[in-house]
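Presented below is the structure to which this report refers.
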Amino acid sequence: MPQYPNIPSVTPRPRRAIDPVRLRERMVRELASKGIHDAAVLQALRTVPRHLFVPEALRSQAYEDTALPIGQGQTISQPYTVALMTSMLEVQAGMRVLEIGTGSGYQAAVLDAMRCRVFSIERLPELFENTRRVLQAMGIRSVHLMRGDGTMGMSAAAPFDRIIVTAGGPEVPAPLVAQLDNNGIMLIPVGEKKRTQRLLRIRKDNGRVFQEDLGNAVFVDLVGNHGW
Ligand code: SAH
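First residue of the sequence shown: 167, per my numbering; consecutive thereafter.
The following block contains the structure:
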């Protein structure tokens, strides 16, 4: 083999492998410093491998507190938003939770980690199929996925203790209110303008419906019968 004395031999430095456990721990510390104190939610975020829910090319950013594109013009929500919404949903183990807007499946997996019985609806076939594969590969079989217009809810599995809508529409879909159980809670971003909404918390108390405004929110569009 010829020798090239002037060229130092360079061993390529191995690309630093992602250590998801450490990165998640750092993410959880960041979320706590931003005001998330719900221990059960933080524990769930510590266990769900968010890097497996984002496109491979974006994996190195999976534990930064930002939303990321997941294809089809859709996004996986920012971890802070997932943490905040999950804590405001006040879930307990065993509750039946309906999610509208499966997207990457991350929010569904977080609720599953909190031992909820999760039902999730996605309207886009490509995302639906992809997420089904991802959840299957991870061995998550308890999340019930459906493809369709989530603004119509999932009457076959109703009523639900909790409903979480992760896309923003112009109104609160009547079928979702109807499918919310007594004492149930629904979180939904609603706004007249696309991509700027107010996050509403709807509570059902003995058939009466109460609405609370939790502040500004920015979600992708809820598209459907009772959406845009
Ligand atoms: N919860 C998701 C966030 C996905 S973004 C996550 O953790 O990744 C919102 C998703 O809602 C998109 O995938 C979009 O296609 C879907 N969506 C919009 N309108 C919908 C509707 N009417 N029914 C079901 N899904 C809908």
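All C-beta atoms, glycine included, are put in the ideal place defined by N, C-alpha and C.
Can you confirm whether residue i, when its beta carbon is compared against all beta carbons of chain B, has any partner nearer than 7 Å?
i           : result
residue 377 : Absence of chain B from the displayed structure is noted, only one protein chain being present.
If we count the other Cβ atoms within 10 Å of its Cβ and call it buried at 16 or more, is residue i buried or exposed?
i           : result
residue 339 : buried
residue 273 : buried
residue 305 : exposed
residue 291 : exposed
residue 265 : buried
residue 379 : exposed
residue 316 : buried
residue 327 : buried
residue 239 : exposed
residue 136 : No answer is possible for residue 136: the residues shown for the chain start at 167 and end at 394.
residue 345 : buried
Whose C-alpha, out of the options, is nearest the C-alpha of residue i?
i           : options            : result
residue 135 : 220, 230, 248      : No information on residue 135 is available, as it lies outside the stretch 167 to 394 that the chain covers here.
residue 330 : 365, 229, 290, 228 : 365
residue 263 : 224, 310, 300, 301 : 310
residue 280 : 393, 205, 185, 239 : 205
residue 231 : 245, 351, 267      : 245
residue 377 : 360, 350, 191, 386 : 350
residue 286 : 358, 271, 214, 250 : 271
residue 334 : 321, 325, 354, 298 : 354
residue 236 : 229, 256, 221      : 221
residue 360 : 218, 389, 371      : 389
DSSP on residue i, reduced to helix/strand/coil?
i           : result
residue 324 : coil
residue 385 : coil
residue 235 : strand
residue 424 : The first residue shown for the chain is 167 and the last is 394, placing residue 424 beyond what the model contains.
residue 291 : helix
residue 364 : strand
residue 338 : coil
residue 215 : coil
residue 188 : helix
With a cut-off of 8 Å on the beta carbons, I'd call residue i and residue j a contact; round off their distance for me.
i           : j           : result
residue 242 : residue 269 : 6 Å
residue 314 : residue 289 : 7 Å
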